[in-house]
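Chains as they are written, first to last, in the working numbering: chain G, 1 to 221; chain P, 1001 to 1236.
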């Protein structure tokens, strides 16, 4: 069973590569216990891994991938593990654990660019995996993906991509109780990886109906 | 009353209040001293701050047995590591060893630990290792059932770059606040200060702690109160 959990991860393909966003919260049941957890990490030269769910399992996966990447570099053969290979590896790991009734309680988002080819995929804790132009985990599936289905299009610019992700993250902030208002957006292109510094989003509470919601309906709540 | 409702998403609460705080030059670890078996207080003066090496200590919470055995194993491994390395182990290594055991046996263990210490490379460091085996480095960490009452307190009272005395006073105040409200925490407040100069253990007995809301100044007897307020007999 999960103890310290991260909430949603949202990711999209854009013109130059992949954009991925996740908040920095580590919840402990209903307590928002840790507020500076980095849930997006670069893997090798070509990929980004974002995770929601149990953080200790994510840390373990990162250690395994470290070893994989190390061996990959040791070969020194000019080839390096790309996002597609890593996604495949992670799918196998997750599915095999599921078969032993001992799952890694995480949902992973794997994005990257290799040789100009953009890749974005997801693996769930039971090994269910797929590739798409936009993915989200956890609550993001319900709140972010509909927005992305409507507003995503091919060849988004960096600015439009960031704005789209921020729109999704803001909705998650409003409507998912385990999201914390401190997030990072990560970008991966052919050139490399950039993970933004942590920042907070402004929220809007200025609807007149919010001031006195029961004004026109005496006795209701 | 539903006694056995096991809500899978809610974590188990653990008897104890433990705290680890970094300050300008080292760390201060603090804990209460109550070990309970159900509602009975088995030990009212336990020592929950355990030594791993000369410069690294761990605060234990949750199952007493589990936290003790993990500490023993880590102490053993760290000892060997120190011999091989030829110099004191770093706090990071100690924390990672604790994580290794906590994560690898996550289905069996029920213990939350706070590892704190000082080494010459990184100075004072605190690592929290909650249930499940997540390793998380923090400027300060709180744990145990009593910690629920301290999240708000630390959000307000914590600041970067405190002095040794400020940090220790903060820890003592915090543990004492938690003891006031958490039934599973009580007894004395123990602190351990670790810095480049070494390790200092301190002891704050229950009667020396500040009083909080609705708590009264302890007396020897009612008779003393009666004698000081008026020499006349009580009027009904």
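By construction, the Cβ of each residue, glycine as well, lies at the ideal position given by its N, Cα and C atoms.
Would residue 26 (chain G) pass as an interface residue toward chain P - the criterion being a Cβ-Cβ separation below 9 Å? Locating residue 26 (chain G) in the first chain gives position 26, where the first residue counts as 1. Yes - at least one Cβ of chain P is within 9 Å of the one on residue 26 (chain G).
Could you check the C-alpha separation between residue 1156 (chain P) and residue 1125 (chain P) for me, to the nearest Å? In the second chain, counting from the first residue as 1, residue 1156 (chain P) sits at position 156. In the second chain, counting from the first residue as 1, residue 1125 (chain P) sits at position 125. A straight line joining the alpha-carbon of residue 1156 (chain P) with that of residue 1125 (chain P) spans about 21 Å.
Can you list the residues of chain G that residue 1020 (chain P) reaches, using a CB-CB cut of under 7 Å? By 1-based counting over the second chain, the position of residue 1020 (chain P) is 20. Correct list: empty, because the minimum Cβ distance to chain G is about 14 Å.
Residue 1043 (chain P) - DSSP class collapsed to helix/strand/coil: Translated into the one-based positions of the second chain, residue 1043 (chain P) becomes position 43. Strand at residue 1043 (chain P).
Inspect the CB distances between the stretch 1016-1028 of chain P and the stretch 1165-1179 of chain P and report whether three or more fall short of 8 Å. With the cut-off at 8 Å, the stretch 1016-1028 of chain P and the stretch 1165-1179 of chain P touch.
Residues of chain P with CB under 7 Å from residue 55 (chain G), in chain order? Translated into positions along the first chain, residue 55 (chain G) becomes position 55. Counting only Cβ-Cβ distances below 7 Å, residue 55 (chain G) has contacts in chain P at 1134, in chain order.
Is residue 175 (chain G) close to chain P? Criterion is C-beta to C-beta, closer than 9 Å. For the purposes of this step, residue 175 (chain G) is taken as residue 175 along the first chain, with counting starting at 1. Using a Cβ-Cβ cut-off of 9 Å, residue 175 (chain G) does not count as an interface residue toward chain P, since no Cβ of chain P sits closer than that to its own.
Does the distance between the C-beta of residue 20 (chain G) and the nearest non-hydrogen atom of the ligand FAD fall short of 8 Å? Summarising the ligand content, the structure contains no ligands, and the ligand FAD is consequently not present.
Start and end residues, alpha helix (DSSP H) containing residue 1081 (chain P): Numbered from its first residue, the second chain carries residue 1081 (chain P) at position 81. 1064-1085 is the extent of the alpha helix (DSSP H) around residue 1081 (chain P).
Residue 167 (chain G) by DSSP, collapsed to three states: which one? Your numbering for residue 167 (chain G) matches position 167 in the first chain. Here residue 167 (chain G) sits in helix by DSSP.
Leaving aside the five residues before and after residue 186 (chain G) along the sequence, list all residues of the same chain whose C-beta is less than 6 Å from its C-beta, in chain order. The sequence position of residue 186 (chain G) within the first chain is 186, counting from 1. 20, 40, 48, 195.
Under a CB-based cut-off of 9 Å, is residue 1106 (chain P) close to chain G? As a first step, residue 1106 (chain P) is located in the second chain; it is residue number 106 there, counting from the start. Closer than 9 Å to some Cβ of chain G, the Cβ of residue 1106 (chain P) qualifies, so yes.
Range covered by the alpha helix (DSSP H) that runs through residue 85 (chain G): Along the first chain, read from residue 1 onward, the residue named residue 85 (chain G) stands at position 85. Per DSSP, residue 85 (chain G) belongs to the alpha helix (DSSP H) from 83-99.
Please state whether DSSP places residue 1246 (chain P) in a helix, a strand or coil. Nothing can be reported for residue 1246 (chain P): it is not among the residues displayed for chain P, which extend from 1001 to 1236.
In the DSSP assignment, what are the bridge partners of residue 184 (chain G)? The residue labelled residue 184 (chain G) in the question sits at position 184 within the first chain. DSSP, once it has assigned bridges, lists G:22 as partnering residue 184 (chain G).
Using DSSP's beta-bridge definition, name the partner residues of residue 42 (chain G). The residue given as residue 42 (chain G) occupies position 42 in the first chain. Partner residues in the beta bridge of residue 42 (chain G), as assigned by DSSP, are G:48.
Closer than 9 Å, CB to CB, is residue 1004 (chain P) near chain G or not? In the second chain, residue 1004 (chain P) corresponds to position 4, counting from 1. Caution is warranted here: a pLDDT of 39 is assigned to residue 1004 (chain P), below 50, making its placement in the model unreliable, and the coordinate value is therefore given only provisionally. For residue 1004 (chain P), the closest Cβ of chain G is not nearer than 9 Å.
Among P:1109, P:1210, P:1136, the one whose alpha carbon lies nearest that of residue 58 (chain G): Here residue 58 (chain G) corresponds to residue number 58 of the first chain, with the count starting at 1. Checking every option, the nearest Cα to that of residue 58 (chain G) belongs to P:1136.
Just by C-beta distance, which residues in the stretch 176-206 of chain G are closer than 9 Å to chain P? Under the 9 Å Cβ criterion, the stretch 176-206 of chain G contributes no residue.
Distance between residue 1220 (chain P) and residue 174 (chain G) (C-alpha atoms, nearest Å): As a first step, residue 174 (chain G) must be located in the first chain, where it is residue number 174. As a first step, residue 1220 (chain P) must be located in the second chain, where it is residue number 220. If you take the alpha carbons of residue 174 (chain G) and residue 1220 (chain P), they lie about 55 Å apart.
For a test of the three-state rule: what should DSSP assign to residue 1114 (chain P), helix, strand or coil? For this step, residue 1114 (chain P) is matched to residue 114 along the second chain. The answer is strand: DSSP assigns residue 1114 (chain P) an E or B state.
Meets three-Cβ-pair contact criterion under 8 Å: the stretch 1059-1073 of chain P and the stretch 1111-1122 of chain P: Yes, the stretch 1059-1073 of chain P is in contact with the stretch 1111-1122 of chain P.
Against chain P, does residue 137 (chain G) count as a neighbour if the rule is that its beta carbon must be under 9 Å from one of theirs? Working through the first chain from its first residue, we reach residue 137 (chain G) at position 137. So no, residue 137 (chain G) is outside the interface.
Short CB-CB distance (under 9 Å) between residue 2 (chain G) and chain P: In the first chain, counting from the first residue as 1, residue 2 (chain G) sits at position 2. For residue 2 (chain G), the nearest CB of chain P lies under 9 Å from its own CB, placing it at the interface with that chain.
Does DSSP classify residue 4 (chain G) as helix, strand or coil? Translated into the one-based positions of the first chain, residue 4 (chain G) becomes position 4. If DSSP states are grouped into helix, strand and coil, residue 4 (chain G) belongs with the strands.
For residue 210 (chain G), name the three-state secondary structure that DSSP assigns. Here residue 210 (chain G) corresponds to residue number 210 of the first chain, with the count starting at 1. DSSP places residue 210 (chain G) in helix when its eight states are reduced to three.
Report all residues from its chain with a CB closer than 7 Å to the CB of residue 15 (chain G); omit the five preceding and five following residues, and keep chain order. The residue given as residue 15 (chain G) occupies position 15 in the first chain. Answer for residue 15 (chain G): 155, 156, 157, listed in chain order.
According to the Cβ coordinates, are residue 98 (chain G) and residue 122 (chain G) closer than 9 Å? Against the first chain, residue 98 (chain G) aligns to sequence position 98. Against the first chain, residue 122 (chain G) aligns to sequence position 122. Not a contact, by the Cβ cut-off of 9 Å.
Quick one: which residues of the stretch 55-77 of chain G get their C-beta closer than 7 Å to a C-beta of chain P? List them in chain order. Of all residues in the stretch 55-77 of chain G, the ones placed with a Cβ closer than 7 Å to any Cβ belonging to chain P are 55, 56, 59, 60, in chain order.
Between the stretch 32-44 of chain G and chain P, which residues of the former have CB atoms less than 9 Å from a CB of the latter, in chain order? When C-beta distances to chain P are compared with 9 Å, the residues of the stretch 32-44 of chain G below that value are 32, 33, 34, 36, 37, in chain order.
Give the DSSP-derived three-state secondary structure of residue 111 (chain G) in the structure shown. As a working mapping, residue 111 (chain G) is identified with position 111 in the first chain. Strand, per DSSP.
Please decide whether residue 1060 (chain P) counts as near chain G, where near means a Cβ-Cβ distance under 9 Å. Position 60 of the second chain, counting from 1, holds the residue named residue 1060 (chain P). Not closer than 9 Å to any Cβ of chain G, the Cβ of residue 1060 (chain P) fails to qualify, so no.
Residue 1188 (chain P) to residue 1206 (chain P) span [Cα, whole Å]: Counted from its first residue, the second chain places residue 1188 (chain P) at position 188. Counted from its first residue, the second chain places residue 1206 (chain P) at position 206. CA-to-CA, the gap between residue 1188 (chain P) and residue 1206 (chain P) works out to about 5 Å.
Touch check for the stretch 1048-1058 of chain P and the stretch 1092-1109 of chain P: three-plus C-beta pairs under 8 Å? These segments touch.
Does DSSP put residue 1007 (chain P) in a helix, a strand or coil? Numbered from 1 along the second chain, position 7 holds the residue referred to as residue 1007 (chain P). Low confidence applies to residue 1007 (chain P): its pLDDT is 42, below 50, so where it sits in the model is not reliable, and the reading given next is rough at best. In the structure shown, residue 1007 (chain P) sits in coil (DSSP, three-state: anything other than H, G, I, E or B).
Is there a C-beta anywhere in chain G that falls below 9 Å from the one on residue 1131 (chain P)? The residue given as residue 1131 (chain P) occupies position 131 in the second chain. The C-beta of residue 1131 (chain P) comes closer than 9 Å to at least one C-beta of chain G.
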